[in-house]
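These notes are about the structure you will find just below.
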Amino acid sequence: MNKTVILAVPYMYGLDQCIEKNLRYHGFDVINLCYDDRDSYYPHPGCRLVALYHKKITKNPDYKKKLKFSRFQSEIERKLAMLGGKKADFALCIRANIHPKAFIKTIREHSAFCINYQWDGIGRFPDIIDYLPYFDRCFVFDKNDVAKYPQHRLEATTNFYFDFPVSGKNGSNGLYFLGGYEARRAADTQRFIEAARRLKLPLDFHIYCKDQRARKILGTEGITYLNRSTVLSFEQNLQKVCGSRAVVDFVQFDHYGLSFRVFDAMCFDKKLITNNQTVTGYDFYHPNNIFVFNGSNLDGLEDFLNQPYVALDPEIKHYYSFGSWIKRAFAPPQHTLPVKPLPPPPLFRRPPSR
């Protein structure tokens, strides 16, 4: 009999659908509770005033989260009723703090084992600390948070690559990038694009931007600008990666982990070009496969692209697959006492096989 998973993840252009598809691929039944929280929701004018009061006076963000959730509550209750009074075997939450606490509490009550993956730094969204009692395990994207908050028994992990079959190659054989415009990484992006154009390297950049800022800075050659109605889904992105020559990655200004782009490239044995210096400390790093630049120096990029890709050790590659990731995540925690304060953590390394 299949195990059942309750899924509660951010609404991010089909991310939940890819996770659901991958869970089903590995034999789980899934109750997907993802809902679209991108827009504010005020059932009546008084709600705006109450929301403003909580924002400015009480500093409590939960009220606005409850308003967004209220539109979907009956549908979520209907889905949970499918459990027939039993508990799901597992619940997987990602960035649980985007939801009202009552919603996460309900998921906890309907699941035998509940985990959260916090892929934003705790310092950026500290309200996640208030949610920790609902989880059996809480994983963090930023390994430094394990040392910063030893009393909370946080566990470091990485992102993963989806390992369900991807059909078709909807790519251009160019240098592929998909991401939102970020003013604080615009300079690195601009320097890379200008260097690639000088070298006559084909760009296949897809940049989400609500206004004309990115277009004015980066131009249009080799770039497709996206909005809410045209943005690529996660699965379309995978198809693009599959048909690309190399994947380009620009590190987020406040992240110390690796983006999905790194693992998407790994999945399809594609070369990666990134300014995330920490990638050289991982066990899958190989200079033939990953080109690391410092934001300005792209010397050697052409030679790198002409070098053959070096196949990864299958054991290392499998470790970062979703199937392997979810198996580890759903395992019982390895400690029962708060971890002791740690020295500055080393770069993430895959533990040895047992």
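End of the sequence shown = 732 in the numbering used here, gap-free, step of one. Cβ atoms here follow ideal geometry from the backbone N, Cα and C, with glycine treated the same way.
With residue i as the anchor, note down where its beta strand (DSSP E) starts and where it stops.
i           : result
residue 667 : Taken as a continuous stretch (DSSP letters only), residue 667 belongs to no beta strand (DSSP E), as it is neither H nor E.
residue 386 : 382-386
residue 584 : 581-586
residue 555 : 553-558
residue 469 : 468-472
residue 496 : 492-496
residue 604 : 601-604
residue 409 : 407-410
Looking only at its own chain, which residues have a Cβ that is under 7 Å from the Cβ of residue i, when we skip the five neighbours before and after it?
i           : result
residue 393 : 387, 612
residue 688 : 664, 666, 667
residue 477 : 386, 443, 447
residue 641 : 537, 538, 539, 698
residue 424 : none
residue 591 : 559
residue 481 : 447
residue 416 : 389
Is it true that the CB of residue j sits closer than 7 Å to the CB of residue i?
i           : j           : result
residue 619 : residue 646 : yes
residue 600 : residue 581 : yes
residue 411 : residue 454 : yes
residue 652 : residue 627 : yes
residue 595 : residue 469 : no
residue 625 : residue 654 : no
residue 457 : residue 409 : yes
residue 636 : residue 573 : no
residue 509 : residue 450 : no
residue 678 : residue 404 : no
Within a Cβ cutoff of 8 Å, which residues of the same chain sit near residue i, ignoring the five residues on either side of it in sequence?
i           : result
residue 513 : 471, 474, 486, 492, 493, 494
residue 390 : 612
residue 421 : 445, 448
residue 549 : 582, 617, 618, 619, 620, 621, 622
residue 500 : 506, 507, 518, 520, 523, 526, 527, 532
residue 707 : 470, 493, 495, 515, 517, 535
residue 671 : 570, 651, 652, 653, 679
residue 575 : 581, 599, 600
residue 461 : 382, 409, 488
residue 657 : 636, 640, 650, 663, 668, 670
residue 483 : 512
Over what stretch of residues does the alpha helix (DSSP H) that includes residue i continue unbroken?
i           : result
residue 403 : 393-403
residue 684 : 679-684
residue 488 : It is not in any alpha helix (DSSP H) - residue 488 carries neither H nor E in the DSSP assignment.
residue 705 : 700-707
residue 595 : 591-596
residue 565 : 564-576
residue 695 : 692-697
For residue i, which residues of its own chain have a beta-carbon under 6 Å away from its beta-carbon, when the five flanking residues on both sides are left out?
i           : result
residue 399 : 542
residue 427 : none
residue 586 : 558, 604, 609
residue 467 : 381, 382, 490
residue 497 : 519
residue 505 : 475
residue 432 : 438, 441
residue 503 : 475
residue 615 : 556
residue 607 : none
residue 692 : none
residue 703 : 538
Tell me, to the nearest whole angstrom, how far the beta carbon of residue i is from that of residue j; I am working on the premise that it is less than 8 Å.
i           : j           : result
residue 555 : residue 584 : 7 Å
residue 711 : residue 515 : 5 Å
residue 617 : residue 552 : Not really, about 14 Å apart at Cβ, beyond 8 Å.
residue 695 : residue 644 : 6 Å
residue 683 : residue 705 : About 35 Å separates the two Cβ atoms, so there is no contact after all.
Would you list, in sequence order, the uninterrupted alpha helix (DSSP H) runs of no fewer than 4 residues that lie entirely inside the region 610-652? 612-620, 638-645
For a minimum of 3 consecutive residues, which ranges assigned as the beta strand (DSSP E) are wholly contained in the region 419-460? none
Could you tell me which uninterrupted alpha helix (DSSP H) segments, each at least 4 residues in length, are contained entirely in the region 508-532, listed from first to last along the chain? Correct list: 522-526.
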